[in-house]
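*Asks:*
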Amino acid sequence: MAVAIDWRLWALLGISSTSLVGTPLIIDGKKKKEVDPFEQTLFEDPNRVGIVSVKPQVSDAEFADIFKGDETGNRDQVDISKVQLFFFTIISALSYVVTLFNLLRSTDIPTELPILNDGLIALLTISHGAYLTHKTVDHTPTER
């Protein structure tokens with residue numbers, strides 16, 4: 186069965202993969218930084234590694250952590266870059282599934298997957314770029 190896959194779908198996979206690989210690289214760099222000694226008491230966290238707040242056990246994780254910051258300086262705050270990335274991804278995935286469902290319902294044997302809108306690709310590129318850029322900024326005062 187030969188099903189054509191448009192380049193936009195490959196581009197979307199590349200964009201998502203960049204965030205998937207880039208996020209741990211950025212976080213790993215933050216694990217090597219230290220909280221500013223003058224600010225230490227404001228950012229006490231027994232479970233931090235560098236400036237990153239970590240959960241000691243997987244069972245300590247909560248669904249809300251998806252939307253919270255990663256550092257000791259913003260671990261209890263909503264991270265707007267995570268919220269926008271989450272919602273843009275969900276909206277995009279749902280719209281693609283609906284489009285795919287409609288294609289399957291109207292065609293016996295599809296020969297190609299639905300083509301993504303250029304605007305959607307641009308939106309997700311900007312969304313992932315903003316997310317990764319926001320990740321690179323330190324939200325905890327670090328040693329000078």
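Residues 186 to 329, numbered by this note's numbering, are exactly what the sequence shown covers, in order.
In this text, a Cβ means the ideal position worked out from N, Cα and C, and glycines have one as well.
Does the distance between the C-beta of I236 and the nearest non-hydrogen atom of the ligand PLP fall short of 6 angstroms?
*Replies:* Annotation note on the ligand PLP: not contained in the displayed structure, which lists no ligands.
*Asks:* Specify the secondary structure class of V220 as computed by DSSP and reduced to three states.
*Replies:* strand
*Asks:* If you count every other CB in all the chains shown that lies within 10 Å of the CB of T257, and 16 or more means buried, which is it?
*Replies:* With 16 or more Cβ atoms within 10 Å of its Cβ, T257 is classed as buried.
*Asks:* Roughly how many angstroms lie between the CA atoms of A246 and D230, to the nearest whole one?
*Replies:* 16 angstroms
*Asks:* Considering only C-alpha positions, which residue in the set L198, Q262, I276 is nearest to A249?
*Replies:* Q262
*Asks:* For the putative contact between T327 and E219, defined by C-beta atoms under 8 angstroms, what is the C-beta separation to the nearest angstrom?
*Replies:* 6 angstroms
*Asks:* Quick one: residues in its chain with C-beta nearer than 7 angstroms to the C-beta of I300, no 5 flanking neighbours on either side, listed in chain order?
*Replies:* Sequence-distant Cβ neighbours of I300 in its own chain, meaning closer than 7 angstroms and more than five residues away, are D191, R193.
*Asks:* In angstroms with no decimal places, state the Cα-to-Cα distance between V243 and W195.
*Replies:* 32 angstroms
*Asks:* Name the DSSP bridge partner or partners of T327?
*Replies:* V220
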